[in-house]
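**Q** Residue numbers (the working numbering): 4 to 253. Note that the Cβ used here is the ideal one computed from N, Cα and C, for glycine as well. Before I ask anything, let me first share the structure, which is written out below as structure tokens.
Structure representation (structure tokens):
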């Protein structure tokens, strides 16, 4: 038995004796584990307009054929033990991927037959489905309902031009990826220009150094500095002899 399954069993055992209202879930129970009927809940045709509050012990949650219009960021915060989720045949136009990402044990999900509005806000869902095709049982039948020009399109095939202005909501800040691409391009161009300028400057310095007259160092604050010539040693006897002869006029 894997560690996550052990954790689930422990959680169910700990919550079994918690006080709760039977009417909240018992009529929707579709299975139990260790006597807890919240293990599987089936809310098909229950008239729900949003996902029900969870118990963190539910393994399977079926929400088919309800009136749910969106899956928002705060949904499933108390359903982290879910392995199976069915939200097909609702009126969902938008799904916040953050809500799905908080379900680490998810093995199966069904999303089809919802009137998804396929503008740039759904591009995050497109990426999530493509990344999790092994989890999305009906990925090929999750289609767009609007706008009219995309009616019938598979969500995973939303055109790239729709997603070019796709925005990610990160820690409450809206970051436009289209703008980011432009900024990155400008930064790269500036970096290339700086590299070229630096290269030219180095080459000019090398050229100027090679062109300096012998005995003169490069300019220092605009003034040439004379190089100190090394002292010559006249220890050679032939030179001394020649000077002596010159002194006698020979």
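(1) Answer with yes or no whether the minimum CB distance from residue 72 to chain D is below 7 Å.
(2) Tell whether a beta-carbon distance below 7 Å holds between residue 65 and residue 93.
(3) I need the boundaries of the beta strand (DSSP E) containing residue 88, first residue and last residue.
(4) Using C-beta distances below 7 Å, list every residue in its chain close to residue 159, excluding the 5 sequence neighbours before and after it, in chain order.
(5) Report all residues from its chain with a CB closer than 6 Å to the CB of residue 32; omit the five preceding and five following residues, and keep chain order.
(6) By Cβ distance, which residues of its chain are closer than 6 Å to residue 127, with the 5 residues on each side in sequence left out?
(7) Starting from residue 127, follow its DSSP beta bridges and name the residues at the other end.
(8) In the DSSP assignment, find the unbroken alpha helix (DSSP H) run with residue 166 in it and report its ends.
(9) Using the three-state DSSP reduction, which class does residue 200 fall into: helix, strand or coil?
(10) Which whole-angstrom value describes the C-beta separation of residue 105 and residue 87, a residue pair presumed to lie in contact below a C-beta threshold of 8 Å?
(11) Quick one: what's got a C-beta closer than 6 Å to residue 197's C-beta in the same chain, skipping five residues either side?
(12) Just to confirm my understanding: we take residue 165, look at its own chain, exclude 5 residues before and 5 after, and list those with CB closer than 8 Å. What are they?
(13) Going along the chain, which residues of its own chain have a beta-carbon closer than 6 Å to the beta-carbon of residue 149, five neighbours each way excluded?
(14) Could you tell me which residues DSSP puts in a beta bridge with residue 61?
(15) Suppose you measure from the CA of residue 67 to the CA of residue 163; what does that come to, to the nearest Å?
(16) If you draw a straight line from the C-alpha of residue 89 to the C-alpha of residue 83, how long is it?
(17) For residue 107, tell me which candidate among 146, 62, 69 has the shortest Cα-Cα distance.
(18) Could you have a look at residue 95 and say whether DSSP puts it in helix, strand or coil?
(19) Note the first and the last residue of the continuous beta strand (DSSP E) segment covering residue 44.
(20) Could you compute how far the alpha carbon of residue 208 sits from the alpha carbon of residue 195?
(21) Tell me the rounded alpha-carbon separation between residue 30 and residue 43.
(22) To the nearest angstrom, how far is it from the Cα of residue 28 to the Cα of residue 146?
(23) Name the DSSP beta bridge partners of residue 146, please?
(24) Given residue 58, which residues of its chain have a CB within under 6 Å of its CB, disregarding the five upstream and five downstream residues?
(25) Assign residue 190 to one of three DSSP states: helix, strand, or coil.
**A** According to the structure data:
(1) Any reference to chain D falls outside this structure, which holds one protein chain only.
(2) no
(3) 87-89
(4) 129, 132, 133, 142
(5) 40
(6) 100
(7) Bridge partners of residue 127: none, in fact.
(8) 163-166
(9) helix
(10) That belief does not hold up - the Cβ atoms of residue 105 and residue 87 are roughly 16 Å apart, past 8 Å.
(11) none
(12) 121, 122, 123, 126, 153
(13) 120
(14) Per DSSP, none; premise fails for residue 61.
(15) 31 Å
(16) 15 Å
(17) 62
(18) coil
(19) 39-45
(20) 20 Å
(21) 11 Å
(22) 31 Å
(23) 157
(24) 41
(25) helix
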